[in-house]
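A.B. asks:
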Amino acid sequence: MDIFKRDGTRLRPQKLLWQGVVFCLSMAVCTMVWTDRAAATKYAGEFLSIGVGPRALAMGGAFTGVADDVTAGYWNPAGLVRMPHRMAAFMHSEQLEGLAYDYMAYAHPRGPREKRTVFGVSLIRLGVDDIPITRLPDPSKPIDALLDNGQRNRPFVERYVSDAEYALLLSAARASGDRFSFGANLKFVRKGTGTASAFGVGVDAALWMEPLSGLALGLQMMNVTSTILVWNTGRKEYITPVLKTGAAFRRQITRLRGELIVAVDVDVLFEGRHNTASASLGHASAAGHVGMEFQLSRSIKFRAGVDGSGLSGGLGLRIPGMNWFGTSVIPGLDYAFVNDKAFGALHRIGISLEF
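Mind the numbering: the sequence shown is residues 30 to 384 in this note's numbering, read in order.
Rendered as structure tokens:
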């Protein structure tokens with residue numbers, strides 16, 4: 030099976046694999062250099078590891094090799110070139126009571142698939158709002174003491190603050206033929222708690238390839254050179270690189286008129302998470318994800334997955350063939366049930382729109 034580049038020369042599957050190997054080695058060397066230089070701050074970017082999109086989360090987070098919708102801006106920006114239309118998505122969920130997790134994204138593809146360019150933007154927010162800050166009318170006296178004005182020295186709410194973490198991803202992807210693409214994110218991270226705040230900028234690099242028909246491979250290095258968060262208090266935190274690798278196999282089930290996707294991901298972290306990792310070696314630790322999706326006709330998709338937190342599942346609904354204001358649109362509704370060790374049973378609901 031040969032793949033033709035823009036200049037008409039052949040790009041064989043073996044060459045695709047070698048390009049992927051070279052990319053992986055380059056990213057690995059870069060990671061080792063920077064993780065030795067930077068004092069890694071464990072869990073500094075933990076909110077970035079939650080994942081986005083009910084579809085991917087229902088598949089256990091095994092989406093790096095799939096990456097064919099607007100959520101690829103998070104999972105693997107190189108996969109954005111596989112979007113046939115413009116797409117927007119929104120997701121909301123409650124991690125715990127009062128702890129909101131929100132995600133929204135938009136991507137715009139341009140040009141034919143073999144040389145398509147895509148630009149996208151994603152916003153992630155995890156936060157608690159309306160946290161009351163209290164104080165005593167007279168801190169020098171004990172609580173409930175009688176004051177000179179006849180009132181009791183009892184705490185009152187002075188103001189409300191928020192504790193929130195944000196990430197803004199500006200994505201770009203480019204296709205090189207039908208079966209190879211590369212992409213990157215410019216990432217802006219902000220954390221804030223009351224009057225304390227931190228800001229940082231990072232870069233993600235990714236590729237996607239299809240060396241064999243029906244078999245796709247994806248790779249993303251998040252925080253390529255470590256993302257440094259600088260607090261207004263003078264403190265610094267380092268979000269270390271995360272290597273996301275994935276494979277996805279697609280097969281048409283003609284008897285059921287559907288399509289089956291089976292995906293496997295392995296995430297490699299460099300924070301020394303030995304106690305929570307599936308496997309570890311030195312500062313590196315690995316976590317696995319397995320998922321599947323079965324599309325029944327064009328409208329219904331069933332999903333299931335498993336990762337270190339447990340089982341997950343969900344479904345998706347699409348309504349093709351609709352026309353709004355003279356534009357063909359495909360609205361979608363996705364649901365995921367995720368069993369999280371830290372937060373318990375979680376429900377993710379998202380809406381999407383292709384146009």
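C-beta atoms are modelled at their ideal positions from N, C-alpha and C, and glycine is treated no differently.
1. Please list the terminal residues of the continuous alpha helix (DSSP H) segment that includes P83.
2. Pull up the distance between the alpha-carbon of F217 and that of G223, whole angstroms please.
3. Just to confirm, is the Cβ distance from L375 to L362 under 8 Å?
4. Mind reading off the beta-carbon distance from G343 to F366? Whole number of angstroms is fine, and I expect it under 8 Å.
5. Using the Cα positions of V439 and P270, report the straight-line distance between them to the nearest angstrom.
6. If you compare alpha carbons, which of A174, D336, Y195 is closest to D131?
7. By the 10 Å Cβ neighbour count, where 16 or more other Cβ atoms means buried, how is I172 classified, buried or exposed?
8. Considering only residues of the same chain and omitting the five flanking positions on each side of L244, which have a CB-CB separation below 6 Å?
9. Can you name the start and end residues of the beta strand (DSSP E) that G102 belongs to?
10. Which of the three DSSP states, helix, strand or coil, is assigned to S78?
11. Out of curiosity, what's the CA-to-CA distance linking P166 and Y189?
12. When we look at the beta-carbon of V230 and count the other beta-carbons within 10 Å, is it buried (16 or more) or exposed?
13. Which residue from V157, G317, S255 puts its Cα closest to that of E9?
14. Judging by CA-CA distance, which residue of D192, F119, L176 is the nearest neighbour of I162?
15. I need the DSSP call for G337, collapsed to helix, strand or coil.
16. Across the region 106-123 and the region 141-149, are there enough close Cβ pairs to call them in contact, namely three or more that are closer than 8 Å?
17. Do you know whose CA, among V232, L258, V335, lies nearest S226's CA?
18. Hey, would you say P83 sits closer than 8 Å to R377, going by beta carbons?
19. Between the C-alpha atoms of I268 and S151, what's the straight-line distance to the nearest angstrom?
20. Between the Cα of L382 and the Cα atoms of M133, S169, S200, P106, which residue gives the shortest distance?
21. For I282, which residues in the same chain have their Cβ closer than 8 Å to its Cβ, ignoring the five residues on either side in sequence?
22. S326 to N352, Cα distance in whole Å?
23. Should F354 be labelled buried (16 or more other beta-carbon atoms within 10 Å of its own) or exposed?
24. Could you tell me which residues DSSP pairs with A129 in its beta bridges?
C.D. replies: Let's see:
1. 83-87
2. 20 Å
3. no
4. 6 Å
5. As displayed, the chain neither begins before 30 nor continues past 384, which places residue 439 out of reach and without an answer.
6. Y195
7. exposed
8. F278
9. Here G102 belongs to no beta strand (DSSP E); instead the alpha helix (DSSP H) covers 101-104.
10. helix
11. 17 Å
12. exposed
13. Here the chain comprises residues numbered 30 to 384, so residue 9 is not present and cannot be evaluated.
14. D192
15. coil
16. yes
17. L258
18. yes
19. 19 Å
20. M133
21. E288, L289, F323
22. 20 Å
23. exposed
24. E123, G156
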